[in-house]
Structure formats: C-alpha cells, structure tokens
Amino acid sequence: MTIERVFSGVQPTGNLHLGNYLGAIVNFVKLQDTHNCIYCVVDMHAITVWQDPAELTRNIREVTAAFIAAGIDPKKHIVFNQSQVSAHAELAWVFNCVARLGWLNRMTQFKEKAGKDRENASVGLYAYPNLMAADILVYRATHVPVGEDQKQHLELARDIAQKFNNDFSESIGAHGFNDKFFPQPEPLITGPATRVMSLRDGTKKMSKSDPSDYSRINLTDDADGIAQKIRKAKTDPEPLPSEEKGLETRPEADNLVGIYAALAGKAKTDVLRDFGGGQFSGFKSALVDLAVDKLGPIGAEMKKLTQDPAYVDSVLTDGASRANVIASETMNAVKDIVGFIRAK
Ligand code: AMP
Ligand code: TRP
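Just so you know, the sequence shown maps onto residues -10 to 333 in the numbering used here.
Here you go:
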C-alpha cells in the first residue's frame, strides 16, 4: 500500500491567527500520523500583493515557527519555503498555458483581493490559483487540508490536472506514464471551525488583513491579549441555545461555540450541552481559559524559535532539498510530456 501524500501551504503575510490555526494547521498536525506530509510557506504567493522585504523574511520564519510549535515534525515530514524549489514556478508557467482565462475570471478571491481598482492588481494575483495548482501537483499530492475559503481554488487545480491529462494524453502514453499523470487532489475541509469569523462581526471571515486587531486572536497574543479580545467579542443579548439549530441565525454565538468546540476537540452539540441556557459571560470565561491553555504554549514556543533564525532557516533548507527531489522528478516528466528538450 502506498501512503497518500498531503500538501498544504500558508502565506507568510503576518498575523497568523486562530482561523489559520483551527482551519488549517490543527489538521496539518493530525495528518502526520497517517500520511506523508509536505507543508509549505508560500512566499511566492505572498508577493502577489506588496510585501516589505525585511518583514517578508521575518514572516517566513514566523510561519515556520508556528508549524513547528503547533507540532509538525520537520524531520519526519517536509517543511520548506516555496521559493527554494524552482519547480513550483516552472510548473506554474506550464499551467498558465493550460488554464483558461474564463476559469480564472470566476475566482472570487481575486475579485475580493483586487477590489474596485482591478486594473492596478498584479498579474501574479490573477494567476495565483495556477501557482497553487502547481504547488500541489508538482508533488502529485492527493489530499489538501485547507479552510473553507480555498475550496474554489482546489476545484480549479482539479480542472487543470484533468485538462493537462487530456491535452497531453498521447504524449503521456508515449513516454510510458499512467494516463492519470496528475491525480485529482481532494480538499480536506474538516472540523467544527473550517471558517472562523471575525470577533467583531460574525458575518466576516477572521483575516490577517482586518484593520482591527480585536477582530482576531493572533497566535503570538499573550494571555492578557487573548482574554481581552474574547471578553470584548461581539455577542447578542440572548442566552446560549441548547441545540445547534438555535445557532443558525446567530453568527457571533455560532462562531464562539465553533471556536470552543474546535479548541476542545469536541462537537458543537457537546459544547451546547454544557453551556446551553447560560449567559455569555460564563461561557466567555471558560473560553478564555481554554484558549489560553491551548494557544499559550504555542505562542511561547514560536517566540523561542523566532529568536533562533539560524535553526529555522536550516529546517527550511533541509526541507527544500528533500522537496526538490520529488518536485524535479515531476518537472522532468512534464518537460518530456510537453516536448521540451532537457539535459539527461
Ligand atoms: P492564508 O493565511 O490565506 O495563507 O491561509 C492559510 C490557511 O488558513 C488556509 O488553509 C486557509 O483556508 C485557512 N484560513 C485562513 N483564514 C481562515 C479562517 N478565518 N477560518 C478558517 N480557515 C482559515
Ligand atoms: N492559497 C492558500 C491560502 O491563501 C495558500 C496556498 C498556496 C495553498 N498554495 C497552496 C494551500 C497549496 C493549499 C495547497 O490560504
């Protein structure tokens, strides 16, 4: 039996928050027991919008530190930054020529990020999903743990894989490869917090770029910061419901219960069994204790790791060299399939 390969990425764009942790990183950690995992700090994706160079460097190390602090083992699995493995960019170019303009025009993340001034968005921001498809498919990964917001990009990656397999089917066969040269990568969107919402507005996603720091819990927030943000989190005047159905029209309550459930490793129903009928004040105190208990040690370990950049960098270069072995094998095959000439 071959063990399935997992790939996922996180952008080094500052302010890693509870949404990144519960929507993605917690699942990254779990998958280590059952899969071969490759976790990538996607620095090339980050520069699709302007990044201050010194800050980008710091942020690459910070995401790496978060991975390790959360429990990812960079020796058993692979942790690296994208720009150190050139095959990502090479395969992305081939995919720029496979994907259709019409497909990219439908991407909602581009529309959101480009905003009203679309003419002024970078070409990279537009082509971003093609690079993301390349990230995954250069390892021929089959499982991709992500938050809910990445679902559409995963569908695009599947379309690209299929069109490549179809367009080049003859050449794929002629070179002796399986006709499903690229697999169909599957999104793994799991847990009670696949979409963590802002603490200030339960209808908006918790995001790195929200101007209000009170909208999110950062992984580097200390205990006082976490407590303050949870106490100030928006709620409604009703007591908590006893059943999940009662959360349907109450986005803020739903979000806080989801966060509690995810941090405790329980279902929302179980959380409501304990807190249903009670006031938010009691629930919030319990949530503060739980959040400090779970996130405190991660934040502390991240701080320790970021004080040793030489160690963090060595993890990344070691990971990159192991990733490169897999990626260049795929890229060589792609070059042959497309009809390029390469040194042999
Ligand atoms: P990014 O910071 O955009 O690179 O996102 C890294 C990972 O975190 C991706 O898998 C996202 O889907 C996930 N993520 C980001 N924000 C949230 C959120 N508010 N709730 C759940 N998952 C999220
Ligand atoms: N686009 C993802 C995000 O913004 C990050 C990402 C880049 C990614 N490449 C990936 C996620 C490949 C999963 C697989 O969150």
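Using N, Cα and C, we set each Cβ at its ideal position, and we do this for glycine too.
A quick note: this is a predicted structure, and the numbers were derived from the prediction, not measured.
Residue range of the beta strand (DSSP E) that includes Asn25: 25 to 30
At the level of alpha carbons, what is the spacing between Val38 and Leu284? 29 Å
Comparing the CB of Leu11 with every heavy atom of the ligand AMP, is any distance shorter than 7 Å? yes
Which residue or residues does DSSP assign as beta-bridge partners of Asn70? Val30
Please determine whether the Cβ atom of Lys194 lies at a distance below 7 Å from any heavy atom of the ligand AMP. yes
DSSP-derived helix/strand/coil call for Glu237: coil
Could you check whether the Cβ of Gln0 sits closer than 7 Å to any heavy atom belonging to the ligand AMP? yes
Can you tell me which of the three DSSP states Glu137 falls into? helix
When you compare only the Cα positions, how much space is there between Asn85 and Gly265? Straight-line Cα distance between these residues: approximately 51 Å.
Taking Ala242 as the reference, which of Pro200, Arg189, Leu279, Lys292 has the closest Cα? Arg189
Closest Cα partner of Met121 within the set Ser158, Ala163, Ala76, Ser160: Scanning Ser158, Ala163, Ala76, Ser160 for the CA closest to the CA of Met121 turns up Ala76.
For the alpha helix (DSSP H) that contains Gly(-2), what are its first and last residues? Note, Gly(-2): premise wrong, no alpha helix (DSSP H); beta strand (DSSP E) at -6 to -1.
In the DSSP output, which residue or residues are listed as bridge partners for Pro176? Val133
Assuming Phe69 contacts Ala312 (C-beta within less than 8 Å), just tell me the rounded distance between them. 5 Å
In chain order, which beta strand (DSSP E) runs of at least 3 residues are fully inside the region 86 to 135? 132 to 134
Do Val(-5) and Ala130 have their beta-carbon atoms positioned less than 8 Å apart in this structure? yes
Contact set for Val52: own chain, Cβ-Cβ below 7 Å, skip 5 residues either direction: Here the set comprises Val(-1), Pro1, Leu5, Val30.
Three or more C-beta pairs below 8 Å linking the region 203 to 217 and the region 280 to 295: Yes, they touch.
Does DSSP put Asn321 in a helix, a strand or coil? Looking at Asn321 - three-state DSSP - the assignment turns out to be helix.
Going by DSSP, name the residue or residues bridged to Met186. Partner(s): Lys194.
Verify whether the separation of the beta carbon atoms of Ile178 and Glu233 is less than 8 Å. no
Name the residue from Ala55, His164, His142, Thr192 whose alpha carbon lies nearest to the alpha carbon of Thr97. His142
According to DSSP, is Asn207 helix, strand or coil? strand
In terms of alpha-carbon separation, which member of Glu144, Phe170, His34 lies closest to Asp156? Among Glu144, Phe170, His34, the Cα nearest to that of Asp156 is on Phe170.
Note down, one range per segment and in chain order, each alpha helix (DSSP H) of at least 4 residues found wholly within the region 240 to 296. Segments of the alpha helix (DSSP H) lying fully in the region 240 to 296: 240 to 253, 257 to 264, 269 to 295.
Check whether the Cβ atoms of Leu145 and Trp82 sit closer than 8 Å, and answer yes or no. no
Are there any heavy atoms of the ligand AMP lying less than 7 Å away from the beta-carbon of Thr183, as far as the coordinates show? Yes.
What residues are listed by DSSP as bridge partners for His6? Under DSSP, His6 forms a beta bridge with Asn207.
For Phe329, count neighbouring Cβ atoms within 10 angstroms of its own Cβ and tell me buried if that reaches 16, exposed if not. exposed
Closest residue to Asp32 among Ile149, Leu114, Glu175 (Cα-Cα distance): Leu114
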